[in-house]
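K.L.:
Residue numbers (full-length UniProt numbering): 1 to 118.
Structure below.
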């Protein structure tokens, strides 16, 4: 994507919702121009494959920040279910059979589905 593309004006206007596209750019000019977009993924040159990045949320994100990571305005409605995560993690640590782990997860998801349907 470049500033000479025909869609440049459409993508950089202050529309209430940005178009449903994925843009790949290398020009730092776009960090400022597209700062109103709700999701930005920054990939650094020579990034470590196994390196983990935190998701940065909030309204006042440092858009000009050049650190690699995921920058988003999305705020999740649900919280992590720490109980099931602990059960599954404990199962992997104690070498619980895969079938039992699967049954635990299936039962949890079935209970969630039923609670949403009621």
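From the three backbone atoms N, C-alpha and C, an ideal C-beta is built for every residue, glycine too. Bear in mind the structure is a predicted one, so any value in this text is a computation, not a measurement.
Between residue 104 and the ligand ZN, is the CB less than 7 angstroms from at least one heavy atom?
P.N.:
Because no ligand of any kind appears in the structure shown, any question about the ligand ZN cannot be addressed here.
K.L.:
How big is the Cα-Cα spacing for residue 35 and residue 78?
P.N.:
Start at 1 with the first residue of the chain shown, and residue 35 comes out as number 35. Start at 1 with the first residue of the chain shown, and residue 78 comes out as number 78. Going by the C-alpha atoms only, they are around 26 angstroms apart.
K.L.:
Going by C-alpha distance, which of 84, 95, 92 and 94 is nearest residue 106?
P.N.:
Position 106 of the chain shown, counting from 1, holds the residue named residue 106. When each option's Cα is compared against that of residue 106, the closest is 84.
K.L.:
Which ranges does the alpha helix (DSSP H) cover as unbroken runs of at least 4 residues, wholly within the UniProt domain "UDENN" (1-118), from first to last along the chain?
P.N.:
Whole alpha helix (DSSP H) segments, 4+ residues: 8-12, 29-33, 82-93 and 98-117.
K.L.:
When the Cα atoms are used, what is the spatial distance from residue 98 to residue 87?
P.N.:
Sequence index remark: in the chain shown, residue 98 carries index 98 (1-based). Sequence index remark: in the chain shown, residue 87 carries index 87 (1-based). Those two C-alpha atoms are separated by around 13 angstroms.
K.L.:
Is the beta carbon of residue 25 sitting closer than 8 angstroms to the one on residue 8?
P.N.:
The residue labelled residue 25 in the question sits at position 25 within the chain shown. The residue labelled residue 8 in the question sits at position 8 within the chain shown. No, these two residues do not count as a Cβ contact at 8 angstroms.
K.L.:
Express the C-alpha separation of residue 21 and residue 5 in angstroms, rounding to a whole number.
P.N.:
Here residue 5 is taken as the residue at index 5 of the chain shown, counted from 1. Here residue 21 is taken as the residue at index 21 of the chain shown, counted from 1. In a straight line, the C-alpha of residue 5 is about 14 angstroms away from that of residue 21.
K.L.:
To the nearest angstrom, how far is it from the Cα of residue 103 to the Cα of residue 118?
P.N.:
Within the chain shown, residue 103 is the residue found at index 103, counting from 1. Within the chain shown, residue 118 is the residue found at index 118, counting from 1. Looking at the two C-alpha atoms, the distance is approximately 23 angstroms.
K.L.:
On the criterion of 16 or more Cβ atoms from any shown chain inside 10 Å, does residue 30 qualify as buried, or is it exposed?
P.N.:
Against the chain shown, residue 30 aligns to sequence position 30. The residue in question, residue 30, is buried, as its Cβ has 16 or more Cβ neighbours within 10 Å.
K.L.:
Spatial neighbours of residue 40 within its chain, please: C-beta separation below 6 angstroms, excluding the five flanking residues on both sides.
P.N.:
Taking the first residue of the chain shown as 1, we reach residue 40 at position 40. Excluding sequence neighbours, residue 40 sits near 71.
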